[in-house]
Amino acid sequence: MIQMNNVVKKYPNGVVAANGISIDIQKGEFVYVVGPSGAGKSTFIKLMYREEKPTSGEVVIAGMDLTKLKNRQVPLLRRQLGVVFQDFKLLPRLNVYENVAFALEVIEENPKDIRKRVMDVLDLVGLKHKVRMFPNELSGGEQQRVAIARSIVNMPKVVIADEPTGNLDPETSWEIMNIFEEINTRGTTIVMATHNREIVNTIRKRVIAIEGGLIVRDVYGGDYGYES
Ligand code: ADP
Ligand code: ADP
Numbered sequence: 001m002i003q004m005n006n007v008v009k010k011y012p013n014g015v016v017a018a019n020g021i022s023i024d025i026q027k028g029e030f031v032y033v034v035g036p037s038g039a040g041k042s043t044f045i046k047l048m049y050r051e052e053k054p055t056s057g058e059v060v061i062a063g064m065d066l067t068k069l070k071n072r073q074v075p076l077l078r079r080q081l082g083v084v085f086q087d088f089k090l091l092p093r094l095n096v097y098e099n100v101a102f103a104l105e106v107i108e109e110n111p112k113d114i115r116k117r118v119m120d121v122l123d124l125v126g127l128k129h130k131v132r133m134f135p136n137e138l139s140g141g142e143q144q145r146v147a148i149a150r151s152i153v154n155m156p157k158v159v160i161a162d163e164p165t166g167n168l169d170p171e172t173s174w175e176i177m178n179i180f181e182e183i184n185t186r187g188t189t190i191v192m193a194t195h196n197r198e199i200v201n202t203i204r205k206r207v208i209a210i211e212g213g214l215i216v217r218d219v220y221g222g223d224y225g226y227e228s
């Protein structure tokens, strides 16, 4: 589902944030990405949703070679891949329903089907009763639920999350993890960068550790492995 072959990312300021990364993530996997600050986790993840392009090497997501992807093909990628951020990135002037509906890359669907699709994903994240609320009327956990609903509304094969519980209290973080697990159970591949040691050590998954732009550890059912 996700392949990287010898990927190097050198930023214009000379920093090498990926220094020859190769990885193969299969359909249906749930992968944590861990490592110290500045290790290259966000860069690794940004390369997957084409927020950054590699300096060299190959990135293939759901059969699409991102290094060869034309700008007009980006909507195609969006349908295969949802993204969830630490700071939610909801649109403040749109309500819950609109935030989710807005991300829908519509392909000849009638309004009734669209409405059903949006309500189905809001139901899955437990927010069906708050469709008319605006982001600033919601708790952090609720905002993240909306962001997750938005990320899956196109029924993507892959969901990428960059520290999705980083701004949430522990209890809310566990609730958000339950939603990711449910999405994974339904067959979606999940890649999640996280600093949450307790979650990684409790909900055991594949753990990829990055340091200095390199994968230094890749263990199924591994632990967090850092002191902080
Ligand atoms: P992490 O997510 O593990 O904290 P990042 O991928 O954000 O790591 O950063 C890896 C390295 O790349 C760091 O040294 C960081 O300062 C640098 N970096 C990240 N983004 C940029 C950028 N847009 N321009 C220049 N350097 C960057
Ligand atoms: P952009 O303004 O970057 O072109 P769009 O207008 O296509 O974005 O999307 C509107 C909003 O929906 C943006 O906030 C964007 O982050 C979000 N979005 C679109 N596609 C996805 C996706 N596959 N996963 C998560 N969020 C998405």
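Residue 16 in the UniProt record's numbering sits at position 16 of the sequence shown, with consecutive numbering throughout.
All C-beta atoms in this analysis are idealised placements derived from N, C-alpha and C, irrespective of residue type, glycine included.
Mapping DSSP to helix, strand and coil, what is residue 97? helix
Alpha carbon of residue 114 to alpha carbon of residue 35, nearest angstrom: 39 Å
Are there any heavy atoms of ligand 1 lying less than 6 Å away from the beta-carbon of residue 161, as far as the coordinates show? no
Roughly how many angstroms separate the alpha carbons of residue 4 and residue 213, rounded to a whole number? 13 Å
Taking 6 Å as the cut-off, is the beta-carbon of residue 39 closer than that to any non-hydrogen atom of ligand 1? yes
Along the beta strand (DSSP E) that carries residue 210, what are the first and last residues, could you check? 206-211
Burial state of residue 99 (16 or more Cβ within 10 Å): buried
Pick from 163, 195, 221 that is closest to residue 83, judged by C-alpha positions: 163
For residue 146 versus residue 96, is the C-beta spacing smaller than 7 Å? yes
Separation of residue 168 from residue 109, as counted between CA atoms: 35 Å
Distance cut-off 6 Å: residue 147 Cβ against heavy atoms of ligand 1: no
Give a yes or no on whether the C-beta atoms belonging to residue 90 and residue 54 are separated by under 7 Å. no
C-alpha gap between residue 28 and residue 191, whole angstroms: 10 Å
Take every Cβ of the segment 117-133, pair it with every Cβ of the segment 71-79, and state whether three or more of those distances are shorter than 8 Å. no
Say whether chain D places a C-beta atom closer than 7 Å to the C-beta of residue 176. Going by chain labels, chain D is absent from the structure shown, which holds only one protein chain.
Kindly indicate which residue of 182, 119, 106, 165 has the alpha-carbon position closest to the one of residue 194. 165
Please report the distance separating the alpha-carbon of residue 106 from that of residue 117. 11 Å
By a C-beta neighbour count over all protein chains shown, 10 Å radius and 16 as the cutoff for buried, is residue 185 buried or exposed? exposed
Residue 188 in three-state terms, based on DSSP: coil
Below 8 Å on the Cβ atoms is my contact criterion, and I expect residue 18 with residue 40 to pass it. Report the Cβ-Cβ distance as a whole number of Å. 6 Å
Output the boundary residues of the alpha helix (DSSP H) element that contains residue 109. Run containing residue 109: none; DSSP gives neither H nor E here.
Would you say residue 2 and residue 45 are within 7 Å of each other, going by their C-beta atoms? no
Cβ-heavy atom distance between residue 224 and ligand 1 below 6 Å? no
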